[in-house]
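*Asks:* This is the structure I want to talk about, given as structure tokens.
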Amino acid sequence: PHPPRARTAPAERHSQPVLPPSTRLHSARYIRAVIRSGRRARVGELTVHFGHLPDRTGQPCAAAFVVPKKVGNAVTRNTITRRMRHALRERLTALPAGSAVVIRVGPGADTLSFNQLAARLDEGFAKLTNRPSRTVESA
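In this text, residue positions in the sequence shown follow the numbering used here: the first is 1, and each later residue adds one.
Quick look at the structure:
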């Protein structure tokens, strides 16, 4: 028989989520509201939707990702989502409180590296900051 293995503590990188729960947009109602009423910028395979949610006034900027099956299988979609979460983590603090970002990923994104996705995200935010702001009506 094999000797019992010693239990190891979980890796430190798992102790904190990439995006804390307060910065995640889970509600389909909010996601729809941002997509329908917010501003948007399309950059290659990404569409970045941005809006201010009255219900989230004073709370940190929240984010959601839309990665349809057209992009690839579950492994591919999860890889893209993970890369986008990491890229967005550093950029969320620069966005105003009470706002929300929804990133829609289109076909072809599976061929992009992390740096390419991050660059497209930056381009999308740059396009959005050059437009006038408007408040999103909650659905």
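Think of the CB as a built atom: it goes at the ideal place given N, C-alpha and C, for glycine as much as any other residue. All values reported here derive from a predicted model rather than from experimental measurement.
1. In the DSSP assignment, find the alpha helix (DSSP H) that holds A126 and state where it starts and stops.
2. Report the rounded CA-to-CA distance for D55 versus I35, giving the unit in angstroms.
3. Is there contact here, the stretch 15-25 with the stretch 80-97, by at least three beta-carbon pairs under 8 Å?
4. What are the start and end residues of each continuous alpha helix (DSSP H) run of 4 or more residues lying completely inside the stretch 48-109, in chain order?
5. Taking a contact to mean a Cβ-Cβ separation below 8 Å, would you say C61 touches L112 in this structure?
6. Does the Cβ of T23 have 16 or more other Cβ atoms within 10 Å, making it buried, or fewer, making it exposed?
7. Looking at R104 and H49, is the spacing between their C-beta atoms short of 8 Å?
8. Following the continuous alpha helix (DSSP H) through V43, name the residue where it begins and the one where it ends.
*Replies:* So, from the listed chains and residues:
1. 114-129
2. 16 Å
3. yes
4. 74-92
5. no
6. buried
7. yes
8. Counting along the chain, V43 falls outside any alpha helix (DSSP H), though it belongs to the beta strand (DSSP E) covering 39-43.
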